[in-house]
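Undergrad:
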Amino acid sequence: MKLQTIKIKLLGLIVPVLLLAVWDYVTRHEIFPAQLLPPPGMLFDTWLDMQTSGELALNMRISLLRVAAGFALGATLGFLVGTAMGTWTVVDQYLGPLFNTIRQVPIVGWLPFLIVWLGIGEVFKIAFISLGALIPMALKTYEGIRGVSPSYLEVARVFEFNRFKQLTRIILPSALPSLLIGLRLSLSEAWMLVVAAELVAASVGIGNTMTVARRLFQTDVVLVSVIVIAITGYFGNKLLALLESQLLSGRRPSSAH
Amino acid sequence: MRKILGSLLTAVVTMAAFGSTTGFAADHPKVIRIGTPSGSYGKAVSSGPIGEIQVKDLFDQEFKKDGIKLEVNYIKTAGPGCNEALSNNALDFASIGDLPAVAGFAGGLKTRAVASTRGGNTYVAVPIDSPIKSLKQLKGKKIGVSLGTYMHAAALKILADNGLTENDVTFFNMDNATVLTAIAAKEVEAAFISSDAITLRTRGVARVLYTTQGKPVFYQNAGALIVREEFARKYPDIVRRFLKVWVKASQLHSLDKKASQKLDTRVGTPLLTVQEDQAGQSVLYLNSPKFDDMWLSHDRRSIALFKAKRLIRKTFDPEKEWVDRSFLDAALKDLKLENFWPDYDANGNPKKK
Amino acid sequence: MSISTRVAGFIGRRYHGMITFLVLVGIWAALSHLKVVPAELLPAPDTVLKTFIQNVASGLLGKSLWASLIRITQGFLIGCSLGFLLGALMGVSLTAERLFAPLINALRQVPIIGWIPLIIVWCGIADMSKITFIGIGAFFPMVVNTFEGVRSVPHGYLEVARVFEFGKWKLLSKIVVPGALPSIVTGIRLSLGTSWMLVVWSEINTRSALGIGDMLDSAREGGRMDLVIVCIIVIGVVAFLINELLGLLETQLQGWKKVSR
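Chains as they are written, first to last, in this note's numbering: chain H, 9 to 265; chain X, 131 to 483; chain D, 157 to 417.
Below, the structure is given as structure tokens:
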């Protein structure tokens, strides 16, 4: 690696390392009580303990399964809804306003409603996550389809493509960047909502681990859980970004949302 | 621009110099804040010693002359919530159950146990038409329980008696008020709750599968009145005087079971529920604030159990590291009540002197 | 144009959506009045309306909503301004970017909702924790979007500034900020949208004071589905109004750009 790149990477480490040092100092000299801010060393021990007891792996696996299920369901439905609204004006006219209204309500607002209807089991959680994952995917799919350049559609008309061919050969490929952004948004929404659902009503899962730890005044476990959640989210996002760059190798991938 | 910055700076400095006095260490606080689990009926009143204090103005009798007020905080999330509030210096005292008191201290919360509390049965309730007939059938079921409270601790003991562990069932964390709704709405298949179970049974909403009534004392709650260590260090005199009020209240509550039970209904619990819950228990025993053998052995056994169940990370010796009898002993001496309550042994029986 | 013409035009444009709504409400009324769905799960529309009127009259809805609005304002202002400052700093200074970007990107990954248990431990359940939580939620979209906005200012503009020898302040206020404005406005929109969601979420999780989220969760606890629906509708309406407000702001600031919702 060039010296310049090394320098840049080191610069990026300064602030985190500084924070770590301050954190360690503050907890060591009890400026901040340890029950509020566990020292970094203790966090590592806790993480190790959670890892070896299998507690972390078990709960993360359940949460990830829920995310996968909710994301798959929600993104698929979102794609279908978005395509329907984007392709057929009639659908857009009648369903559009309804969709736009529903998406105004912050997803967490639906929580109490869903719990009353679906109970506190898995059905509720998957439904909740799917609902959240559906919306950004539908939106981005719609935007992508609507945003197809008119000249492409001209080409389709010239070649006398039927609706289906038009969709699969021209529209969807051209909408791909939007679709991929939609997937990313969908996934990060799903990840956030699994934590939310588990914080409210679950018996297992990383969100539940946090809830129980809070009830037992184990701040270290709460902090470790938050970090694990962050790292998982990060890798999930990176994975999709990789997929995005592969599929859009000609075009510039979007950086953030 | 310079002018604006200049005047801003002057304003900030002035504010800092003559600003709020919350940082000043007064020789006594203006308010003593005590936390207690909020009742299932949401009323901002208490039963037990705090109830006596409220009804008979005991706090004002001691502290009015100093201009100090009592603020009772009803915490929805019960013991665990009180721990969080103590940790944020939002409370000075708290009266909580065995598990939260121990978990707080073991988790690094700097408190001192200054008086004991005891009593508190746990019940297993199921929806009225539930097919569950025995505790063994709880296996694999959805169970609502307020995690981190004494009912959670009791649940573990009850399950163990039936060959089950917490891994054989699915615990859903719910506050007291939520659990009652959950049972009624059949959101959960069973619940570990307090004497509210009796009320649910009376209303025809649930069946009571099991109760710790009549069981050995280890199955019941043995909590504590705890104080923030920093508060006790700063205002030992205030703590001593508060303990006087507490002991007086406990004494008044120990005199007449009927009268005390009537007072306890002010939180909204029906009288019949209170009577059934406390049947066979001596009101003197229920209100003893002493750290006798009963309490100490209960606490030690609890600590061992909680450590084994990974509810706490480290064990400690309650008598050496956590309990501070000095305030209680001073209060008992002041009020000449040293021998009012007998010392109860590990089985809850009064020791012969 | 007269009022009636305006209203007729408005309805005419939106009548498709309204038909869908009327159909839905009709189905809803039918389901509940014909007892296909029990009242505990789905109270009839007129019950919901009655509850709504009751709560407005008693002032509870107003007070709760007001409390929530105050919280979102405080949290949003703090988080948004801090986010703007850091984002702008990182945008103009390469060193600042290199110093802070990795950390910001890492912290950004924590689903904002996951912060709540930690914040409650650190800040208690009173207003401070809610406002901190909202502030954090408002902070991240603002940092990212301000940064991107500043970076996206065309080099041509900066050249112009150099030619005219603009001072630092002038450069920032006349060139950089206006150039970054679209992204900044997007950031504000994301920030505000997230903030509203977080107000509701933090109130549900702390249940310590009056607020629309507290009202919602309290209604669920009490089994009052009618009140739950009222709260959800109110929450949705406020979110909609916030969006509309921002849309107006956007049009004002960028008259020529097409506003996307």
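Note that CB positions come from ideal geometry on N, CA and C, so glycine has one too. Just so it is clear, the structure is predicted and the values come from calculations on it, not from any experiment.
Any beta carbon of chain H sitting closer than 7 Å to that of D/Leu-397?
TA: Not closer than 7 Å to any Cβ of chain H, the Cβ of D/Leu-397 fails to qualify, so no.
Undergrad: Pick helix, strand or coil for X/Lys-345, following the three-state DSSP scheme.
TA: coil
Undergrad: Which complete alpha helix (DSSP H) runs does the stretch 425-477 of chain X hold, if anything under 4 residues is left out?
TA: Whole alpha helix (DSSP H) segments, 4+ residues: 456-464.
Undergrad: Mind the definition here: the stretch 204-218 of chain H touches the stretch 70-77 of chain H only if three or more C-beta pairs lie below 8 Å; say whether that holds.
TA: yes
Undergrad: Between which two residues does the alpha helix (DSSP H) harbouring X/Lys-272 extend?
TA: Looking at the DSSP string, X/Lys-272 is not in any alpha helix (DSSP H); the run it does join, the beta strand (DSSP E), is 272-275.
Undergrad: Please decide whether X/Thr-252 counts as near chain D, where near means a Cβ-Cβ distance under 7 Å.
TA: no
Undergrad: State the Cα-Cα distance for the pair X/Asp-407 and X/Ala-321, rounded to the nearest angstrom.
TA: 17 Å
Undergrad: Fully enclosed by the stretch 283-344 of chain X, which alpha helix (DSSP H) runs are 4 residues long or longer?
TA: 306-314, 326-332
Undergrad: Taking only beta-carbon positions, decide if H/Val-116 is within less than 7 Å of chain D.
TA: yes
Undergrad: Report buried or exposed for X/Asn-477, applying the criterion of at least 16 other Cβ atoms within 10 angstroms of its Cβ.
TA: exposed
Undergrad: Starting from D/Arg-345, find everything on chain X with Cβ-Cβ shorter than 9 Å and list it in chain order.
TA: Those do not exist, as D/Arg-345 stays about 31 Å from chain X at its closest Cβ, beyond 9 Å.
Undergrad: Using the beta-carbon of each residue, which ones in chain D are nearer than 9 Å to H/Thr-109?
TA: Gly-173, Phe-177, Gly-392, Phe-396
Undergrad: Determine, for X/Pro-261, whether the minimum Cβ-Cβ distance to residues of chain H falls below 7 Å.
TA: no
Undergrad: Return helix, strand or coil for X/Pro-480, following the three-state DSSP convention.
TA: strand
Undergrad: Got a sec: does the ligand ADP put a non-hydrogen atom nearer than 6 Å to the Cβ of X/Ala-208?
TA: Among the components modelled here there is no ligand, and therefore nothing to report on the ligand ADP.
Undergrad: So, are the CB atoms of X/Ile-162 and X/Leu-200 less than 7 Å apart?
TA: yes
Undergrad: Starting from the beta carbon of X/Glu-214, find every residue of chain D whose beta carbon is closer than 8 Å, and list them in chain order.
TA: Ile-276, Val-277, Gly-280, Ile-281
Undergrad: Give a yes or no on whether the C-beta atoms belonging to D/Asp-373 and D/Thr-203 are separated by under 7 Å.
TA: no
Undergrad: Among residues of its own chain, excluding the 5 on either side of X/Ile-180, which ones have a beta-carbon nearer than 8 Å to its beta-carbon?
TA: Excluding sequence neighbours, X/Ile-180 sits near Ile-164, Thr-166, Val-202, Ser-225, Ala-379.
Undergrad: List the residues of chain H that D/Trp-357 touches, going by C-beta distances under 8 Å, in chain order.
TA: Pro-114, Val-116, Ala-204
Undergrad: Can you name the residues that DSSP bridges to X/Leu-200?
TA: For X/Leu-200, which the question treats as bridged, DSSP gives the partners X/Ile-162.
Undergrad: Beta-carbon within less than 8 Å of H/Lys-246's beta-carbon, same chain only, minus the 5 sequence neighbours each way: which residues are those?
TA: none
Undergrad: Quick check: the Cα distance between X/Lys-269 and X/Val-309, rounded to an integer number of angstroms?
TA: 19 Å
Undergrad: From the DSSP secondary-structure annotation, give me the bridge partner or partners of X/Tyr-253.
TA: X/Ile-323, X/Thr-341
Undergrad: For X/Glu-192, collect the residues of the same chain with a Cβ closer than 6 Å to its Cβ; drop the 5 residues on either side in sequence, then sort them by chain order.
TA: Arg-371, Val-375
Undergrad: Report the neighbours of X/Ala-255 on chain C: residues whose CB is nearer than 9 Å to its CB, in chain order.
TA: Among the protein chains in the structure shown, which are H, X and D, there is no chain C.
Undergrad: Using the beta-carbon count (16 or more within 10 Å), is D/Met-174 buried or exposed?
TA: exposed
Undergrad: Using a beta-carbon distance below 7 Å, is H/Tyr-242 in contact with chain D?
TA: yes
Undergrad: In whole angstroms, give me the CA-to-CA distance for X/Asp-157 and X/Ala-362.
TA: C-alpha separation (whole angstroms): 13 Å.
Undergrad: For X/Asn-303, which residues from the same chain have a beta carbon less than 6 Å from its beta carbon, with the 5 sequence-adjacent residues on both sides left out?
TA: Leu-277
Undergrad: Express the C-alpha separation of X/Glu-449 and X/Leu-382 in angstroms, rounding to a whole number.
TA: Distance between the alpha carbons of X/Leu-382 and X/Glu-449 is about 27 Å.
Undergrad: Report yes or no: is there a C-beta of chain D within less than 7 Å of the C-beta of H/Gln-12?
TA: No, H/Gln-12 does not count as interfacial toward chain D.
Undergrad: Assign D/Ser-249 to one of two classes, buried (16 or more other C-beta atoms within 10 Å of its C-beta) or exposed (fewer than that).
TA: Under this definition D/Ser-249 is an exposed residue.
Undergrad: Select from D/Ser-329, D/Pro-267, D/Ile-344, D/Ile-360 the residue whose C-alpha is nearest the C-alpha of D/Ile-229.
TA: For the sequence presented, residue 229 of chain D should be read as Thr rather than Ile. For the residues D/Ser-329, D/Pro-267, D/Ile-344, D/Ile-360, the minimum Cα distance to D/Thr-229 belongs to D/Ile-344.
Undergrad: Can you name, in chain order, every residue of its own chain whose Cβ lies under 6 Å from the Cβ of H/Ile-153, other than the five neighbours on each side?
TA: Gly-94, Ile-179, Ala-183
Undergrad: Got a sec? Which residues, its chain only, sit under 7 Å from X/Leu-467 by beta carbon, not counting five neighbours each side?
TA: The answer, listed in chain order, is Val-377, Gln-381.
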